[in-house]
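**Student:**
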Amino acid sequence: MYREEWSAEKNFEVFGKCANPNWHGHNYNLFVTVKGEITHATGYLIDLKELKAIINEYVIEKLDHKNINKDVDFMAGKMASTELLCIEIFNQLKGPIEAYEGVFLHSVKLYETENNSAEYFGG
10 MYREEWSAEK
20 NFEVFGKCAN
30 PNWHGHNYNL
40 FVTVKGEITH
50 ATGYLIDLKE
60 LKAIINEYVI
70 EKLDHKNINK
80 DVDFMAGKMA
90 STELLCIEIF
100 NQLKGPIEAY
110 EGVFLHSVKL
120 YETENNSAEY
130 FGG
């Protein structure tokens, strides 16, 4: 969390210990919730193997062990806050998940730490 156009003092005032021009990392926990009508023949809404494949392709492979500020295409030009990252992950997943008939992306919840998370329901 660092804005180059601000002084080091202003960055520290706004972002606290996260104000680091050389970046910092987190181990996030991601929760994806889908909604819709359950198919009675299978007993589920979407095969969890397929949901996992979507999440891996559109989110995990793009984010895992990457510098969000430099290496992640869908975060280009955006501040890498948990809130904005949560919104952009939602945007990445919405189309592929909703390509399945009757399946809707309900929310994305992203934990930065056990005490800090953001949840996005679309908008």
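Just so we're aligned, residue 10 is where the sequence shown starts under the numbering used here, counting upward by one.
The beta carbon of each residue, even a glycine, is placed where N, CA and C say it ideally should be.
1) For K75, which residues does DSSP report across the bridge?
2) Can you name, in chain order, every residue of its own chain whose Cβ lies under 6 angstroms from the Cβ of I128, other than the five neighbours on each side?
3) Would you call the stretch 97-111 and the stretch 60-79 touching, i.e. three or more CB-CB distances under 8 angstroms?
4) State the beta-bridge partners of Y67 as determined by DSSP.
5) Just confirm the distance between the C-beta atoms of N38 and Y120, as a whole number of angstroms; I'd bet it's less than 8 angstroms.
**Tutor:** Concretely, from the data shown:
1) Answer by DSSP bridge pairing: none, since K75 is not bridged.
2) Here the sequence assigns Glu to residue 128, which means Ile is not the residue at that position. Counting only Cβ-Cβ distances below 6 angstroms, and skipping sequence neighbours, we find S116, K118.
3) Three or more Cβ pairs closer than 8 angstroms define a contact, and the stretch 97-111 meets that threshold against the stretch 60-79.
4) In the DSSP assignment, Y67 is bridged to no other residue.
5) Right, the Cβ-Cβ distance comes to about 4 angstroms (below 8 angstroms), so this counts as a contact.
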